[in-house]
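Structure first, commentary second.
In structure tokens:
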């Protein structure tokens with residue numbers, strides 16, 4: 848919601864908090880979604896690296912990017 852309202856810094860803070868609280872599984876979901884958006888090219892390993900954070904921040908700075916992919920897109924990396 849914050850992202851669509853143009854509150855990009857707050858949106859990133861929400862995504863960052865979710866990654867930290869959700870752990871490896873949440874990070875894998877973000878990695879897959881960010882890869883689908885063309886923002887992340889790394890491994891789908893669940894490690895919350897600077898590369899993932901940078902991609903997540905770039906996504907949060909857009910009104911149209913969604914780091915959460917459709918379920919069918921990321922079934923393998925997150926299972």
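In this note's numbering, the protein residues as written are 848 to 926.
All C-beta atoms, glycine included, are put in the ideal place defined by N, C-alpha and C.
In this text the structure is predicted, and so the values were computed from the model without any measurement.
Residues 887, 899, 902, 903, 906 and 914 of the same chain have their beta carbon placed closer than 8 Å to that of residue 881, with the five preceding and five following residues left out of the count. Taking the Cα positions, residue 909 is about 14 Å away from residue 860. Leaving aside the five residues that flank residue 855 on each side, the residues in its chain whose CB is nearer than 6 Å to its CB run, in chain order, 907 and 908. Short of 7 Å from the beta carbon of residue 883, and not among the five residues preceding or following it, lie these beta carbons of its own chain, in chain order: 916 and 920. If you draw a straight line from the Cα of residue 848 to the Cα of residue 858, it is about 8 Å long.
Residue 870 and residue 877 have their C-alpha atoms spaced approximately 11 Å apart.
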